[in-house]
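> Yeah, the sequence shown ends on 520 if you go by the UniProt record's numbering, and it's all consecutive.
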Amino acid sequence: MENEQKLFQSIFESAVEGLIICNREGEIELANKRAESLFGYDKDELTGKKIELLVPDDLKAIHRGHRRKYSQKPSKRMMGANLELYGKRKDGSEFPLEISLNHTTVEDKTLIVAFIIDITSRKKMEKDLEKNRNRLEKYSVELEQRVKQRTLELEKSNINLIASQKLFRTISKNFPNGTINVIDKNFNYIFVEGRELQSQGINSKDLIGKKYVHYQPGSELEEKLKNALIGQNSTHEIRNGDEYYIMYIVPLSSGHEGLIERILIVEKNITQQKNAEDNIRTSLKKERELNELKSRFVSMASHEFRTPLSTILSSASLLDKYFDLGNKEKKDKHITKIKSSVNNLINLLNDFLSLDKIEEGVITPSFHQFNLKKLIEDILDELQESLKPGQEINFKYKIEEHVILDKQLVKNIFINLISNAVKYSPVDKPILVSVYKENGLIIFEISDQGIGIPEEDMKHLFQRFFRAHNASNIEGTGLGLNIVKKYVEMMGGNISCVSEEGFGTTFKIFLEEKVVEKSE
1 MENEQKLFQS IFESAVEGLI ICNREGEIEL ANKRAESLFG YDKDELTGKK
51 IELLVPDDLK AIHRGHRRKY SQKPSKRMMG ANLELYGKRK DGSEFPLEIS
101 LNHTTVEDKT LIVAFIIDIT SRKKMEKDLE KNRNRLEKYS VELEQRVKQR
151 TLELEKSNIN LIASQKLFRT ISKNFPNGTI NVIDKNFNYI FVEGRELQSQ
201 GINSKDLIGK KYVHYQPGSE LEEKLKNALI GQNSTHEIRN GDEYYIMYIV
251 PLSSGHEGLI ERILIVEKNI TQQKNAEDNI RTSLKKEREL NELKSRFVSM
301 ASHEFRTPLS TILSSASLLD KYFDLGNKEK KDKHITKIKS SVNNLINLLN
351 DFLSLDKIEE GVITPSFHQF NLKKLIEDIL DELQESLKPG QEINFKYKIE
401 EHVILDKQLV KNIFINLISN AVKYSPVDKP ILVSVYKENG LIIFEISDQG
451 IGIPEEDMKH LFQRFFRAHN ASNIEGTGLG LNIVKKYVEM MGGNISCVSE
501 EGFGTTFKIF LEEKVVEKSE
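Okay, structure coming up:
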């Protein structure tokens with residue numbers, strides 16, 4: 001008896017179907033592993049629960065009525081014949097299933113046995129089969145219609161073929177500013193027509209069988225032609241002297257297993273378009289630069305003019321007050337402020353005027369001989385009043401006094417660079433101005449121990465309106481170095497800059513002395 005019990009238990013637990021045994025009251029007495037797995041419950045979790053636990057909520061009441069009727073008159077049958085049945089898992093999800101019912105009596109106790117199969121996969125297959133069947137029916141109808149349509153089209157095509165070929169050749173022959181070409185897999189002409197041939201005096205018949213005119217072994221075009229033979233479309237631009245051409249490369253299938261043995265090349269002369277594009281790009285670039293400069297100019301000028309004008313207004317008001325009080329020291333202080341602000345405005349306007357003259361081509365270099373040493377000494381005398389307390393300018397001159405350069409441009413260069421050195425250097429720090437020769441070139445060198453220029457700003461140093469980020473609180477237009485560079489280049493020279501933020505800056509001007517008649 002014990003062995004039979006073990007055998008029954010083994011068969012019960014190893015069944016591939018879900019097995020649930022209930023009493024007449026619908027209470028679950030046994031459920032095998034497969035049933036527990038189907039409904040997502042752990043071992044023995046279902047025992048003692050009502051079978052309605054496994055029924056979707058909207059069907060519980062109906063199921064309860066059917067269960068009671070079946071308990072009164074049990075029989076072997078399929079549950080819910082011709083109906084779609086669903087079970088409810090522990091997590092609340094539902095799945096389609098198929099249930100066979102039977103009953104047995106043990107010790108005068110009627111038990112109802114349910115054999116449960118998850119038919120989710122079957123349902124999916126049935127839906128897919130139905131969908132495919134409908135699709136096949138639809139395709140069958142469409143195919144029949146297409147065959148009829150295709151037959152009509154072929155008949156029309158045969159009628160129009162000769163006319164189409166004639167029309168194609170006429171169109172190709174009159175193709176404007178280009179050619180229509182068909183070449184074989186060896187890149188030899190099969191067909192070529194177009195007005196470009198006529199303009200060059202070429203007879204299309206002379207090209208048939210010859211290599212495509214633009215073909216060159218190992219070129220980018222050859223690579224694109226090879227790619228066309230494996231089905232890739234592409235475009236290619238070439239330049240032939242002053243003429244520009246664009247090619248539209250299209251593979252032509254022979255219709256036999258998709259084999260590509262011919263290539264269509266539509267070649268268009270785009271010289272006028274290219275020239276127009278270049279002109280537009282140049283104009284747009286100039287316009288963008290102009291708009292940017294206007295914007296930066298307005299922003300900078302509004303700030304740079306406001307500061308000295310405010311200082312002048314404030315100092316003038318205080319000066320009026322101190323005149324009444326007779327305070328000479330404070331009067332002199334505010335007179336100095338007014339002078340400084342006026343000088344700042346003059347320098348600002350000079351920068352604008354210089355830039356405008358350069359842009360308009362008004363300034364052209366005029367080379368003559370003059371005393372360079374005296375010129376620099378005069379500049380240093382003029383700039384003495386602008387020095388900060390403790391600042392001094394050390395001047396070293398190691399070449400002949402007279403040189404042949406543009407005197408006014410040289411003067412402007414020195415004033416700008418020395419003024420910058422003074423402005424960006426702290427008190428008590430010296431400034432070095434040197435003039436010497438090296439490798440036959442005259443070199444101007446201006447060095448300071450000021451705030452220096454950040455490394456990331458060096459590449460923008462000579463751009464108009466550019467100011468290093470560590471100089472934003474110091475007056476300036478951002479035009480000076482741009483103007484200096486243009487002056488140097490006007491004289492055929494170069495300018496360089498070496499700087500380290502916090503340690504100072506050195507500018508070097510390299511100029512070749514000109515040879516002209518002595519004028520001074």
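Quick reminder that beta carbons are idealized off the backbone N, C-alpha and C, glycines included. Source: prediction; values computed, not measured.
If you follow the alpha helix (DSSP H) that D381 is part of, which residue opens it and which one closes it?
Here residue 381 is taken as the residue at index 381 of the sequence shown, counted from 1. D381 -> alpha helix (DSSP H) spans 372 to 382.
> With DSSP as the reference, please indicate the residues paired to V182 in a beta bridge.
Position 182 of the sequence shown holds residue 182. The partner list for V182 (beta bridge, DSSP) reads F191, L264.
> Should P251 go down as buried or exposed, given a rule of 16 or more other Cβ atoms within 10 Å for buried?
Counting from one through the sequence shown, the residue named residue 251 turns up at place 251. With 16 or more Cβ atoms within 10 Å of its Cβ, P251 is classed as buried.
> When DSSP labels each residue in this structure, what does V433 get in the three-state scheme?
Your numbering for residue 433 matches position 433 in the sequence shown. DSSP places V433 in strand when its eight states are reduced to three.
> Determine the contact status of I20 and I28, defining contact as a CB-CB distance below 8 Å.
Numbered from 1 along the sequence shown, position 20 holds the residue referred to as residue 20. Numbered from 1 along the sequence shown, position 28 holds the residue referred to as residue 28. The answer is yes: Cβ separation under 8 Å.
> Could you tell me the boundaries of the alpha helix (DSSP H) in which M490 lies?
Counted from its first residue, the sequence shown places residue 490 at position 490. If you look at M490, you'll find it in the alpha helix (DSSP H) that goes 480 to 490.
> So, helix, strand or coil for E120, using DSSP?
The residue labelled residue 120 in the question sits at position 120 within the sequence shown. Residue identity check: residue 120 is Thr in the sequence provided, not Glu. Helix.
> Round the Cβ separation of K50 and G26 to the nearest angstrom and send it over; I've been treating them as touching at under 8 Å.
Working through the sequence shown from its first residue, we reach residue 50 at position 50. Working through the sequence shown from its first residue, we reach residue 26 at position 26. The pair is a contact, with the Cβ atoms about 5 Å apart (cut-off 8 Å).
> Measure the C-alpha to C-alpha separation of P365 and V266 and round it to an integer number of angstroms.
Translated into the one-based positions of the sequence shown, residue 365 becomes position 365. Translated into the one-based positions of the sequence shown, residue 266 becomes position 266. When rounded, the distance between both Cα atoms is 54 Å.
> Comparing the CB of Q72 with every heavy atom of the ligand PLP, is any distance shorter than 7 Å?
With respect to small molecules bound, the structure shown includes none, and the ligand PLP cannot be examined in it.
> Looking at C-beta atoms only, is the number of pairs between the stretch 183 to 198 and the stretch 272 to 279 that lie closer than 8 Å three or more?
no
> Are L461 and I451 close, meaning C-beta to C-beta below 8 Å?
Sequence index remark: in the sequence shown, residue 461 carries index 461 (1-based). Sequence index remark: in the sequence shown, residue 451 carries index 451 (1-based). Result no, Cβ atoms of L461 and I451 do not sit closer than 8 Å.
> State the start and end residues of the unbroken alpha helix (DSSP H) segment that holds R67.
Taking the sequence shown and counting its residues from 1, one reaches residue 67 at position 67. Per DSSP, R67 belongs to the alpha helix (DSSP H) from 60 to 72.
> Does DSSP classify D428 as helix, strand or coil?
As a first step, residue 428 is located in the sequence shown; it is residue number 428 there, counting from the start. Here D428 sits in coil by DSSP.
> Measure from the alpha carbon of N227 to the alpha carbon of each residue in E513, K185, F510, then state which is nearest.
On the sequence shown, position 227 is the one that residue 227 refers to. Closest by alpha carbon: K185.
> With a threshold of 8 Å, are at least 3 pairs of Cβ atoms found where one atom belongs to the stretch 132 to 147 and the other to the stretch 41 to 50?
no
> Let me know the secondary structure DSSP gives Q449 once reduced to three states.
As a position in the sequence shown, residue 449 is number 449, starting the count at 1. In the structure shown, Q449 sits in coil (DSSP, three-state: anything other than H, G, I, E or B).
> In three-state terms, what does DSSP make of S253?
Residue mapping note: residue 253 aligns to position 253 of the sequence shown, counting from 1. Three-state result, S253: strand.
> Look up Q463 in the DSSP assignment and say whether it is helix, strand or coil.
In the sequence shown, counting from the first residue as 1, residue 463 sits at position 463. Residue state, collapsed to three classes: coil.
> Using a Cβ-Cβ cut-off of 8 Å (strictly less than) and excluding sequence neighbours within five positions of I379, which residues of its own chain qualify?
Position 379 of the sequence shown, counting from 1, holds the residue named residue 379. Correct list, in chain order: K411, F414, I415, I418.
> Report all residues from its chain with a CB closer than 7 Å to the CB of K33; omit the five preceding and five following residues, and keep chain order.
The residue labelled residue 33 in the question sits at position 33 within the sequence shown. Answer for K33: E13, listed in chain order.
> Leaving out the 5 sequence neighbours to the left and right, which residues in its chain are closer than 8 Å to N23 when beta-carbon positions are compared?
Working through the sequence shown from its first residue, we reach residue 23 at position 23. Around N23: E29, K109, T110, L111, I112.
> Keeping to the same chain, check which residues put their C-beta closer than 6 Å to that of N371; ignore five residues upstream and five downstream.
If you number the sequence shown from 1, residue 371 lands on position 371. E401, H402, listed in sequence order.
> DSSP state of N102, grouped into three classes?
Taking the first residue of the sequence shown as position 1, residue 102 is located at position 102. When DSSP states are grouped into helix, strand and coil, N102 belongs to the strand group.
> In chain order, what residues of the same chain have a beta carbon less than 6 Å from the beta carbon of Q9, not counting five sequence neighbours either side?
As a position in the sequence shown, residue 9 is number 9, starting the count at 1. Counting only Cβ-Cβ distances below 6 Å, and skipping sequence neighbours, we find nothing.
> Going by beta carbon distance, what residues of the same chain come within less than 8 Å of I190, once the five residues before and after it are set aside?
Counting from one through the sequence shown, the residue named residue 190 turns up at place 190. Excluding residues within five positions, the ones whose Cβ falls inside 8 Å are V182, I183, D184, I208, R262.
> What would DSSP say about Q216, mapped onto helix, strand or coil?
Position 216 of the sequence shown, counted from the first residue, corresponds to residue 216. Coil at Q216, not helix or strand.
> On the DSSP letters alone, give me the boundaries of the alpha helix (DSSP H) that V422 sits inside.
Position 422 of the sequence shown, counted from the first residue, corresponds to residue 422. DSSP places V422 in the uninterrupted alpha helix (DSSP H) bounded by 407 to 423.
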